[in-house]
Structure formats: structure tokens, C-alpha cells
Amino acid sequence: MHNVGFFRSIQLKFIIMFILLLLVTIQVISAYFVRGLEQELVENFEESVEASVEILEVNLEQAFSKDRSDNNDEELTLQQEVQDIVKVNDTADIITIQVVNMQSRIIASNDTSGSSNIDKRTSDDFINNVLRFGNEDKGKMINSEGNRNYRRAVPIYDNEQTQVGALYIEASLEGVYSQLDDINRVFLQGSILAITVSALLGILVARTITKPIKEMRRQAQTMAREDFSQKVNVYGRDEIGQLAESFNDLNAKLKHSRALTEEERRKLSSVLSNMSDGVMATDRNGFITLANDASGLLVGQDPDKVQGNFLPDVLQLDENSVDLSELAESGTMIIDFSDDDDIYLIRANFSTIADEDNDISGFITVLSDVTEQEKIERERREFVSNVSHELRTPLTTMRSYIEALTEGAWEDKDIAPKFLDVTQNETDRMIRMVNDLLQLSRMDNQSEALQQERTDFIHFFHQVIDRFEMNVSDQITLQRELPNEKLYVWIDQDKMNQVLDNVISNAIKYSSEGGTIRFKAEKQKGQLLVSVSDEGPGIPYDKVDKVFDRFYRADNARSRKLGGTGLGLAIAKEIVESHHGSIWAKSKEGKGTTVLFTLPLVNKKRRGK
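Each residue of the sequence shown is one higher than the one before, starting from 1144 at the first, in my numbering.
Here's what the structure looks like:
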């Protein structure tokens, strides 16, 4: 680009702006001048008051020093002489002159209308302090009418330098400030004229500068809205004109770069949006700059609101014990988001983003939900442990009895049959356990189809209870509280028979003599609610939810003694849930246990078919 001449350069415009700045400077100087003038006028006024005070001091000292022992009638009394001195020295600016004796009584005053103050005690602390301490005092004050006054108080001495009273003078400063107001008015008029002229010049000069700048500003705002279709007008060949041309070049390059960036962004957005894993990117300090939708779902927060937050806070990590660079080095960690009700685990994979100098500029975190994997792994470990434990007990028992038999106990006709019975019972228990495990495995794999049919559950329930009633001890009462109407459900009767067998068998096992087992069934919001209640020892509150877990026993010793495998209620739960129902338990220690489950009722339209 060619050089710009002086008369077309922005430098000339700056010179004009400097002239305007000079005008403002003159006004500032004027303000300092007025302030200095005010100080000078006030000082001159105070000096004039001081001169009056000095004259009064000399005259009053002479008056108080006169010998008045003869007390001739022609001779003026002290009070009359002092009053005359006050009147002689009274001027237009002086508002008040008072002469006060040592008893704080006013003996003379220039206030002709206020002669009643003579011989009265003054209550002005300003005067009393001079009488009390003998020090001079002065200062400015604003009276009750809002006028600014200057006052002066000095002690009065006789020719023996004994304090005999005090002189108080109060003068008005309003005349001084009236002069200042006149001067300020002149400066104000001049300033208004200067501002007017400067404003006219400023408008003319500013237009040549501000118009293209405003256009570039509007274009910048348009570009900020990602609109690169417009250009800035070039009005001249000066620096601003060259700036406008550069601005248009920048606009074209940004438009091209924006198109490339938008294409890459769409690709990246498509990849991130379709990922099942969560992705979070942070700056070097760990504050999130990008998060896809999956990451928001995994951490339970809005991905848009997550941006800008500190990564350890979002992942609920202790920022005092966690260093992001160390996390990136370790690579992976499992984060526990579990609460009292649910287990929720997330695996986080950390990696760093390096710049061209190989310095860390940010971090990438990939989140995966591993809750089900961990649950399956945990259940597998627990299952293997439980099966091993459950099989070890009967196998150990069988081994002990078989070893005893091989060592000669088989020859004892009394002991041998007992040992064989125990071995047979343990074998039967292992067979039942294996059969239960096989059934659970088939249900888990959904390899066993239900043979459902429309069934009157009340009639079906009565049949099951009748079967138990024939074999139950006379010491246990079976109480039926079933409705007389027919309630139809779709069930696999064999599977549902197994559910009721397990639930009722448990109720009988844990019921003591004289106990009552209650059977209920009722309609509840399109569901059939079935309950079996006993009066057994009950289950602790914190263990009620675990009774449907595999191999769980509320009372291990008693359950094994009664032949339980710890799988009955787990099988019952799987069967009920396969019928689209729910099963749960209520219990209170010492009060018994109630097992409840629901089944969907057949609706009226279907029942009429």
C-alpha cells in the first residue's frame, strides 16, 4: 500500500482533537484559578477581621487598665466606655461584637436591637473556652439561616497582663462568596461558549472518523453472528480506509475458515452424538470445554450446563487428593456414583492433549457405564462363593460319615443305618439345590417358556392351601381370608404352584406351635394382591429386602436344619416377575413376616371371550 499524505492522514484529525483537548485544559485551569481566588479573598477577609480584633484589643486593654477608684460622675464607667469602643469599631461585615467579663457576662455588644443581652451570661462554648483556658480561637461556621460566617475570640488583658475577659467577633463571609459567584458566572458563560464551539468542531471532525469505524463495528457484530456476506465501505485512502480494506480481507478469510471449521465440527458432532460412551474435554486447568449428550446422561447432568465446571467436581472426585496429570498417567479408574438404593459405577479413561511444544493443553475423559458388568461380575463371584459354601457343608458331612463307615462303623447295626440316613438326606439336599440352580439358570437364560392359561386364582389358591392343610400340624392354624368372587389371571399353574409352595412352606417352617398363617387375596388397581402372613420370629428391618437374594437365609442354622437351600424365594421372585408381577416382604422382629406378590388381572373384555 502507498504512503498516506499528511492532509489525508489521521494525524491531522488527532491535531484537531488536541485543540479540543486544549480547550478542556483551559477550563480546568480556570477551575484552579477560581479556587485560588477564593482562598485569597477569604484570607484577605480574615486579615481585615484580625486588624479589627487587634484595634479592639488595644482599646479594651486601655479601658480595663484605667484607675476608676475616684468614680467621678464625669468619668465614663467601664461598661459605657467598652460599649463606646465597640460601636466605634463596628463595620458592615461584622455581625456580632461581644465583650464578656470573666464571669461570662456580656458587658458590651454591637447589637443595638439586642441590648437585653447586656449583663447576661453567655452560653457559647466557643467564648467560654477562651475564658477558661485563655487561648485564642477562630473558625468558620454556618448559622441557623445557612449563611457562612467567620468568628474570632481572644482573651482581654489589663496592663498587668491579667485576663479580665474575652472579645468575640463574628463576621459574614457572604460578601466574599457573592464575589466568587459573580466570577464563576463569568467563567460559566465563557465555558458554555467554548463548549458550544468545541462541540461544533468535534461533530465535524468526528464524522470523518466515526462513520467508517461505526460501519466496521457493525460488520464486526455481523461477523460475530457468523454472517460473512457483507463488506465494509472504503471512504478514503487514509489509515482508516486501509483498515477497512484489511477488514474486508479478514472477512473473506474468516468466511473460508468458518466453512472448513463448520464442516469439521459437523463431523465431530456426529461422531460424539452417536457415541454410547460419554466424552468430556477440558482445558489445562481441568475446566470442561466440551461434553457430549452421553456424558451428561452418565453423570446425571445437563451437558450444556456441565461446560465450564471443574471436572473433578462433575465426577464427584476429591480435588484435594486427585491430580489430573496423575489421572492421565494412570489411564483408567472406576468412579462410584452409587447411593443407598442403587449401584451405579462409571469407568473413566483419561488422556492428555498436547500442543505443538508437547505441553499439556487439556485432557480428554471417556466415560462408560460399567454398572451391569460390575453387577454381573460381583454376582458371579458371590454365586461361586455361595455354591461352594452350600456344597461344602453337606459334602463335609457325607465325607465324615462315609469315613466312619469305612473305618468299621458299617458293622455296627445301630450306628450304620443312622449314618446312611444322614448321608441320604445330605445327598437329597444337594440334589434339590442342583435342581433349583438349574431352574434359576434356565429362567435367567429364558430358555424355559411359560405355559400360561386363564385361571381362577381364588379356586387355585384354595387347592394349594387344601394340600398343605392335610399335612400341617394341628398346632398351626391356616386362616383363609379370600373373596367369594372369581378373579382370573393368566399363569403357568405349575410355576405358580411352586411359588406358593415356597412361600407357604417358609411360613410353616418358621411358625411356632399355636401360630396362625393367614392367606389373603384382593383386587387392587387392576392387579391381584396375594399375601401369606405368619407369626414367626420375623426378619430384621435391614435384611427384609435381601430375603429374595440367592442363598440368603434369615436364620442360617435353622434354615439348614429344616432342609432349606436358600433358593426358594429367589425362584419365586423370578417366576412372579416373569408373569409381569412384583413380590416383596414385610416383617417385624417378634411379630412375624408377610410375603406379598401381585399378578395382572384379566380385564373384563378379555374375560368375556
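The beta-carbon is built from N, C-alpha and C at its ideal position, and this holds for glycine as well.
Check whether residue i and residue j have beta carbons under 9 Å apart
| i | j | result |
| --- | --- | --- |
| threonine 1234 | serine 1195 | yes |
| leucine 1310 | leucine 1199 | yes |
| glutamate 1204 | isoleucine 1299 | yes |
| isoleucine 1601 | leucine 1630 | yes |
| serine 1648 | arginine 1661 | no |
| leucine 1581 | histidine 1605 | no |
| arginine 1295 | glutamate 1313 | yes |
| isoleucine 1326 | leucine 1180 | yes |
| phenylalanine 1453 | isoleucine 1431 | yes |
| glutamine 1459 | leucine 1433 | no |
| leucine 1593 | serine 1412 | no |
| threonine 1770 | asparagine 1271 | What is shown of the chain runs 1144 to 1752, which leaves residue 1770 out entirely. |
| isoleucine 1477 | glutamate 1520 | no |
| alanine 1224 | lysine 1209 | Looking at the sequence provided, one finds glutamate at residue 1224 rather than alanine. In contact: glutamate 1224 and lysine 1209 (Cβ atoms closer than 9 Å). |
Alpha carbon of residue i to alpha carbon of residue j, nearest angstrom
| i | j | result |
| --- | --- | --- |
| arginine 1360 | valine 1414 | 37 Å |
| glutamine 1636 | valine 1687 | 27 Å |
| glutamate 1612 | glutamine 1670 | 27 Å |
| alanine 1491 | aspartate 1564 | 56 Å |
| glutamate 1183 | alanine 1337 | 27 Å |
| glycine 1289 | arginine 1368 | 60 Å |
| glycine 1711 | methionine 1639 | 13 Å |
| lysine 1556 | leucine 1548 | 11 Å |
| valine 1242 | isoleucine 1228 | 10 Å |
| valine 1745 | phenylalanine 1691 | 27 Å |
| glutamate 1732 | leucine 1739 | 17 Å |
| isoleucine 1768 | asparagine 1568 | This structure cannot speak to residue 1768, because the chain is shown only from 1144 to 1752. |
| glutamine 1246 | phenylalanine 1207 | 15 Å |
| lysine 1734 | lysine 1663 | 18 Å |
| methionine 1366 | lysine 1374 | 10 Å |
| valine 1422 | leucine 1441 | 10 Å |
| valine 1377 | asparagine 1391 | 9 Å |
| glutamate 1358 | leucine 1403 | 27 Å |
| aspartate 1324 | isoleucine 1261 | 37 Å |
| aspartate 1280 | valine 1340 | 50 Å |
Nearest to residue i (by Cα), restricted to the options the options
| i | options | result |
| --- | --- | --- |
| tyrosine 1684 | Glu1665, Ala1713, Thr1736, Gln1567 | Thr1736 |
| glycine 1657 | Leu1621, Val1192, Asp1479 | Leu1621 |
| glycine 1370 | Leu1397, Ser1208, Asp1324 | The sequence shown places aspartate at residue 1370, rather than the glycine named in the question. When each option's Cα is compared against that of aspartate 1370, the closest is Leu1397. |
| isoleucine 1608 | Val1632, Val1646, Gln1618, Gln1595 | Val1646 |
| glutamine 1509 | Ala1424, Ala1497, Arg1535, Thr1539 | Going by the sequence as given, residue 1509 is valine instead of glutamine. The option with the nearest alpha carbon to valine 1509 is Ala1424. |
| isoleucine 1714 | Ile1682, Val1577, Ile1619 | Val1577 |
| serine 1321 | Asp1236, Ala1664, Ser1419, Glu1499 | Asp1236 |
| glutamine 1304 | Asp1479, Ser1438, Val1201 | Val1201 |
| serine 1494 | Pro1446, Arg1542, Arg1427 | Arg1427 |
| proline 1355 | Gly1379, Gly1333, Gln1332, Met1366 | Gly1379 |
| threonine 1475 | Gln1223, Arg1409, Val1513, Gly1681 | Val1513 |
| alanine 1384 | Gln1362, Ile1352, Asn1253, Arg1408 | Reading the sequence as shown, one finds glycine at residue 1384 and not alanine. Measuring from the Cα of glycine 1384, the nearest candidate turns out to be Ile1352. |
| asparagine 1417 | Asn1435, Ala1402, Ser1654, Ser1400 | Asn1435 |
| valine 1329 | Asp1571, Ser1315, Val1177, Thr1168 | Val1177 |
| valine 1297 | Val1319, Leu1274, Ser1315 | Leu1274 |
Extent of the continuous beta strand (DSSP E) run through residue i
| i | result |
| --- | --- |
| asparagine 1492 | 1488-1497 |
| threonine 1281 | At residue 1281 the sequence reads lysine, which differs from the threonine that was named. Where lysine 1281 is concerned, the enclosing beta strand (DSSP E) stretches over 1280-1285. |
Assigned exposure category for residue i - 16 Cβ within 10 Å defines buried
| i | result |
| --- | --- |
| alanine 1395 | exposed |
| phenylalanine 1276 | exposed |
| threonine 1741 | buried |
| glycine 1443 | exposed |
| serine 1730 | buried |
| leucine 1705 | Unreliable positioning characterises leucine 1705 in this predicted model, as indicated by a pLDDT of 49, which lies under 50. The coordinate reading is nonetheless provided below. Exposed is the call here. |
| proline 1446 | buried |
| lysine 1716 | buried |
| glycine 1681 | buried |
| alanine 1437 | buried |
| tyrosine 1653 | buried |
Segment limits, alpha helix (DSSP H) that includes residue i
| i | result |
| --- | --- |
| arginine 1248 | Segment: none, arginine 1248 is in no alpha helix (DSSP H) and carries neither H nor E. |
| proline 1455 | 1454-1457 |
| valine 1225 | 1221-1231 |
| aspartate 1644 | 1636-1652 |
| isoleucine 1718 | 1711-1721 |
| glutamine 1606 | 1600-1612 |
| valine 1414 | 1382-1416 |
Below-9 Å beta-carbon distance, residue i vs any chain D residue
| i | result |
| --- | --- |
| arginine 1597 | In the displayed structure, chain D is absent; only one protein chain is listed. |
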